[in-house]
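Student:
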């Protein structure tokens, strides 16, 4: 076996590492036997020279092997996972899970908290009073078998190598490497022994992948690693040039999730839910005809069965489902402010990443690890790209438990919006299917 010095030199010179070398590095670094300065050098060499699909797959497997895996026994249907690369107002994991549980598949996810300008599924669920989001492996399996969907926080036993390597990537300027991103995602996704996965790869101003080329490269790499692990997979590249739906913020996004599950909600949230859901039904082999799958999902929404599935699961996890009937009562404890349009015209662009960071500064996310989230903080959009506005018309409402936080909203919202004279047309939601 080569020494760590020789392995670094191999990658520095643009040559490929074999699986045994990658396994050695991951195992030794996780055990504290390779220092940060040498691992940083290897990460930077990998960032600059790239990793092949074979190397990326080997890195994924080595990181996966550093922890435990979860196998749910006794399910009477395919278990499908879904992963989003992160966006603003992205509540699609929550609309999809109870809906698809009524359409013949089980949906299981290891989810995380907010990252940067994007919200986290766990934070959104925790905005429901009493809701428990961390479950033991045994309880996670019980929830899946009873409700056919379950979401839990990632435990320290799942891919611990990834947690350590990610922290070093964050400190060494190597976060943006697509192969390293893929290995990080897949080492956690493969820890749940599912029957298939659908990737929602976000692209645009509110995504980590700003360009179509980067989004496609990420999607193709995720699919390649899935294939190498014999995991059936699909990927959709979706538009994140504006937030999904009209709500940004934890409890606000729960409110919008409930609207969709009751058969309402904004048109873009519904369309994305149905498109991703159709892909999940297809990868499961339950319904490969897209139109038939969409009809089945629409029936579950209009009949109320998707909402009933949501309420049963939330209640079983300690959540107070009464708040879904009158959410405005909970929102009454928040202060609010309105921003009005400074001129007439059309909304032609939204800096969605900037808007996400604005919501974070209002209290909807964490600027430091120890920060506490204001679950009621957030933004309700009254207009989207293509909306016609008149001078003095309300454009958005900001919410926060702390009135002082609304100064951030009133002073910063218009910096995120571009108003022009011409109608830009409607934004396409599905940019590519892979």
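Numbering (the working numbering), first residue to last: 487 to 920.
From the three backbone atoms N, C-alpha and C, an ideal C-beta is built for every residue, glycine too.
Looking at the unbroken alpha helix (DSSP H) that takes in residue 672, where does it start and where does it end?
Tutor: Stepping through the chain shown from its first residue, residue 672 is reached at position 186. Residue 672 -> alpha helix (DSSP H) spans 664 to 675.
Student: How would you label residue 878, buried or exposed, when you count the other beta carbons within 10 angstroms and need 16 or more for buried?
Tutor: Taking the first residue of the chain shown as position 1, residue 878 is located at position 392. Residue 878 is exposed by the Cβ-count criterion.
Student: Identify which residue in 861, 841, 732, 886 has its Cα closest to the Cα of residue 898.
Tutor: In the chain shown, the residue the question calls residue 898 occupies position 412. If we check each option's Cα against that of residue 898, 841 comes out closest.
Student: Opposite residue 519 in the DSSP bridges: which residues?
Tutor: The sequence position of residue 519 within the chain shown is 33, counting from 1. Its beta-bridge partners do not exist; DSSP assigns none.
Student: Exposed or buried, residue 743, counting other C-beta atoms within 10 Å across all chains shown (16 or more means buried)?
Tutor: As a working mapping, residue 743 is identified with position 257 in the chain shown. By the neighbour-count rule (16 or more Cβ atoms within 10 Å), residue 743 is buried.
Student: Measuring alpha carbon to alpha carbon, tell me which of 492, 504, 681 ends up nearest residue 772.
Tutor: In the chain shown, counting from the first residue as 1, residue 772 sits at position 286. Minimum Cα distance to residue 772 is reached at 681.
Student: So, at 7 Å on beta carbons, what are the nonlocal neighbours of residue 497 in its own chain, with the 5 sequence-adjacent residues on each side left out?
Tutor: Within the chain shown, the letter at position 11 stands for residue 497. Here the set comprises 503, 528, 531, 532, 535.
Student: Residue 797 lies in the alpha helix (DSSP H); which residues open and close that run?
Tutor: In the chain shown, the residue the question calls residue 797 occupies position 311. Residue 797 -> alpha helix (DSSP H) spans 791 to 802.
Student: Taking the C-alpha atoms as reference points, what is the distance between residue 863 and residue 807?
Tutor: The sequence position of residue 863 within the chain shown is 377, counting from 1. The sequence position of residue 807 within the chain shown is 321, counting from 1. Straight-line Cα distance between these residues: approximately 20 Å.
Student: Considering only their Cβ atoms, is the gap separating residue 570 from residue 562 smaller than 7 Å?
Tutor: Taking the first residue of the chain shown as 1, we reach residue 562 at position 76. Taking the first residue of the chain shown as 1, we reach residue 570 at position 84. Not a contact, by the Cβ cut-off of 7 Å.
Student: Taking one C-beta from the region 878 to 895 and one from the region 812 to 828 each time, how about it: are there three or more such pairs within less than 8 Å?
Tutor: The region 878 to 895 vs the region 812 to 828: in contact.
Student: In terms of residue numbering, what span does the alpha helix (DSSP H) encompassing residue 843 cover?
Tutor: The residue labelled residue 843 in the question sits at position 357 within the chain shown. Segment 838 to 845, the alpha helix (DSSP H) holding residue 843.
Student: Assign residue 565 to one of three DSSP states: helix, strand, or coil.
Tutor: Residue mapping note: residue 565 aligns to position 79 of the chain shown, counting from 1. It is a strand residue.
Student: Where does residue 743 sit, in a helix, a strand or coil, going by DSSP?
Tutor: Numbered from 1 along the chain shown, position 257 holds the residue referred to as residue 743. In the structure shown, residue 743 sits in a helix (DSSP, three-state: H, G or I).
Student: For the candidate residues 487, 551, 586, 833, whose alpha-carbon lies nearest to that of residue 769?
Tutor: Taking the first residue of the chain shown as position 1, residue 769 is located at position 283. Nearest of 487, 551, 586, 833 to residue 769, Cα basis: 586.
Student: Give me the Cα-Cα distance between residue 626 and residue 546, rounded to the nearest whole angstrom.
Tutor: For the purposes of this step, residue 626 is taken as the residue at position 140 of the chain shown. For the purposes of this step, residue 546 is taken as the residue at position 60 of the chain shown. Rounded to whole angstroms, residue 626 to residue 546 spans 24 Å at the Cα level.
Student: Would you report the Cα separation of residue 648 and residue 673, rounded to the nearest angstrom?
Tutor: Translated into positions along the chain shown, residue 648 becomes position 162. Translated into positions along the chain shown, residue 673 becomes position 187. So the alpha carbons of these two residues sit roughly 7 Å apart.
Student: Below 7 Å between beta carbons: does that hold for residue 723 and residue 705?
Tutor: Along the chain shown, one-based indexing puts residue 723 at 237. Along the chain shown, one-based indexing puts residue 705 at 219. Contact: yes.
Student: Rounded to a whole number of angstroms, what is the C-alpha to C-alpha distance between residue 873 and residue 731?
Tutor: Position 387 of the chain shown, counting from 1, holds the residue named residue 873. Position 245 of the chain shown, counting from 1, holds the residue named residue 731. Distance between the alpha carbons of residue 873 and residue 731: 14 Å.
Student: What's the gap between the Cα of residue 717 and the Cα of residue 867?
Tutor: Against the chain shown, residue 717 aligns to sequence position 231. Against the chain shown, residue 867 aligns to sequence position 381. For residue 717 and residue 867, the distance between alpha carbons rounds to 38 Å.
Student: Apart from the five residues just before and just after residue 914, which ones in its own chain have a Cβ nearer than 7 Å to its Cβ?
Tutor: Working through the chain shown from its first residue, we reach residue 914 at position 428. Answer for residue 914: 725, listed in chain order.
Student: Going by beta carbon distance, what residues of the same chain come within less than 6 Å of residue 738, once the five residues before and after it are set aside?
Tutor: Walking along the chain shown from the start, residue 738 turns up at place 252. Within the same chain, residue 738 has close Cβ partners 864.
Student: So is residue 916 buried or exposed if we call it buried at 16+ other beta carbons inside 10 Å?
Tutor: Taking the chain shown and counting its residues from 1, the one referred to as residue 916 is at position 430. By the neighbour-count rule (16 or more Cβ atoms within 10 Å), residue 916 is not buried but exposed.
Student: Can you find the residues in the same chain that come closer than 7 Å, C-beta to C-beta, to residue 675, ignoring five residues on each side of it along the sequence?
Tutor: Against the chain shown, residue 675 aligns to sequence position 189. Excluding positions up to five away in sequence, the list reads 567, 569, 683.
Student: Can you tell me the Cβ-Cβ gap for residue 589 and residue 713, rounded? I've got them flagged as a contact below 8 Å.
Tutor: Residue mapping note: residue 589 aligns to position 103 of the chain shown, counting from 1. Residue mapping note: residue 713 aligns to position 227 of the chain shown, counting from 1. Not quite, the Cβ-Cβ distance comes to about 25 Å (not below 8 Å), so this is no contact.
Student: Name the two residues that bound the continuous alpha helix (DSSP H) containing residue 584.
Tutor: To locate residue 584, count along the chain shown from 1; it is residue 98. Residue 584 -> alpha helix (DSSP H) spans 578 to 586.
Student: Please look up how many angstroms separate the CB atoms of residue 558 and residue 630, rounded, as I've assumed it's under 8 Å.
Tutor: For the purposes of this step, residue 558 is identified with residue 72 of the chain shown, where counting begins at 1. For the purposes of this step, residue 630 is identified with residue 144 of the chain shown, where counting begins at 1. Going by Cβ atoms, the distance from residue 558 to residue 630 rounds to 5 Å, so yes, they are a contact pair.
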